[in-house]
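Here the structure is laid out as structure tokens; the discussion comes afterwards.
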Amino acid sequence: MPPSRARLVELGCGPGFYSRALAKSFPELDVLGVDQSCRQLEYAEQKAVALGVNNCRFERGDVFDVTRPAQSFDYLIASRLFTVLPGPARALAEMFRVLRSGGRCFIAEPRYKFWASIPLFMLWLVASVRGQANGCREPSMATVFSLERFEQLFYMQPWKSVRVWREGRYHYALCEKQ
Ligand SMILES: C[S@@+](CC[C@H](N)C(=O)[O-])C[C@H]1O[C@@H](n2cnc3c(N)ncnc32)[C@H](O)[C@@H]1O
Numbered sequence: 000m001p002p003s004r005a006r007l008v009e010l011g012c013g014p015g016f017y018s019r020a021l022a023k024s025f026p027e028l029d030v031l032g033v034d035q036s037c038r039q040l041e042y043a044e045q046k047a048v049a050l051g052v053n054n055c056r057f058e059r060g061d062v063f064d065v066t067r068p069a070q071s072f073d074y075l076i077a078s079r080l081f082t083v084l085p086g087p088a089r090a091l092a093e094m095f096r097v098l099r100s101g102g103r104c105f106i107a108e109p110r111y112k113f114w115a116s117i118p119l120f121m122l123w124l125v126a127s128v129r130g131q132a133n134g135c136r137e138p139s140m141a142t143v144f145s146l147e148r149f150e151q152l153f154y155m156q157p158w159k160s161v162r163v164w165r166e167g168r169y170h171y172a173l174c175e176k177q
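Note that numbering that gives the first Met the number 0 has the sequence shown beginning at 0, numbered continuously upward.
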């Protein structure tokens with residue numbers, strides 16, 4: 000059980016599924032979902048209101064430059080973010096910065112290019128058909144990591160502990176800050 004009013008941030012929250020689910024399961028958490036896409040954030044917000052989840056907010060932002068001071072969050076999660084990001088190491092440095100000492104970070108990244116690319120390709124296709132290709136900032140193909148490359152990303156910051164594993168279609172990492 001997280002401590003009362005613990006702060007959790009989800010970077011690259013997209014439609015906000017995990018932010019909402021965590022906020023709903025743990026009413027003592029203050030959850031913030033951050034994404035660069037206004038459309039995704041609008042959906043995330045509307046859904047949270049419709050479900051009556053009121054300990055969850057959404058905000059437009061860049062995962063490379065989170066507009067919060069160092070040590071702002073107790074928990075951080077990111078799911079399928081590095082797969083669309085041209086600079087996962089830089090994003091991880093920012094994650095490390097905004098986590099408080101003793102804070103924890105949980106990351107999930109897909110292992111298989113084919114499966115990870117299907118939703119991206121569909122989004123890209125829809126945007127192209129609608130003539131919005133220039134507004135569609137995500138790649139149409141996913142980047143995926145070998146377990147070794149995924150693990151190496153975490154050597155760049157002085158985490159107190161890092162656990163990396165794979166299960167099903169995903170690599171997972173759970174890190175604790177000194
Ligand atoms: C593949 S989606 C994953 C969404 C969600 N985390 C999930 O697992 O359902 C990647 C998300 O990262 C967001 N994103 C990509 N680059 C970003 C950046 N530099 N700053 C903030 N969000 C970003 C995209 O807008 C998109 O919503």
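No residue lacks a Cβ here, since even glycine has one placed at the ideal position from N, Cα and C.
With fewer than three CB-CB distances shorter than 8 angstroms, the region 36-54 does not count as touching the region 76-89. For C37, the CB contacts under 8 angstroms within the same chain, skipping 5 residues up- and downstream, are R59 in chain order. For R96, the enclosing alpha helix (DSSP H) stretches over residues 87-97.
Within the same chain, V143, R168 come within 8 angstroms of Y111 by CB-CB distance, once the 5 residues on both sides are set aside. When beta bridges are read from the DSSP output, V33 appears opposite L10, E58. For V65, there is no enclosing beta strand (DSSP E), as DSSP marks it with neither H nor E.
The beta carbon of T82 sits closer than 7 angstroms to at least one heavy atom of ligand 1. Inclusion of L173 and R165 in the CB contact set at 8 angstroms is not warranted, their separation being larger than that value. Take the alpha-carbon of V97 and the one of K176: they are about 11 angstroms apart. Of the candidates E9, Y17, A77, the residue whose Cα lies closest to the Cα of P109 is A77. By the CB criterion at 8 angstroms, N54 and V33 fall outside the cutoff. Annotation: the continuous alpha helix (DSSP H) that includes A115 extends over 112-128. Runs of alpha helix (DSSP H) with 4 or more residues, each lying fully within the region 144-175, are found at 146-152, listed in chain order.
The three-state secondary structure of S18, taken from DSSP, is helix.
Taking I117 as reference, the option from A43, M140, R6 with the minimal CA-CA separation is M140. Annotated as distal: C104 and L122, with beta-carbon spacing of 8 angstroms or more.
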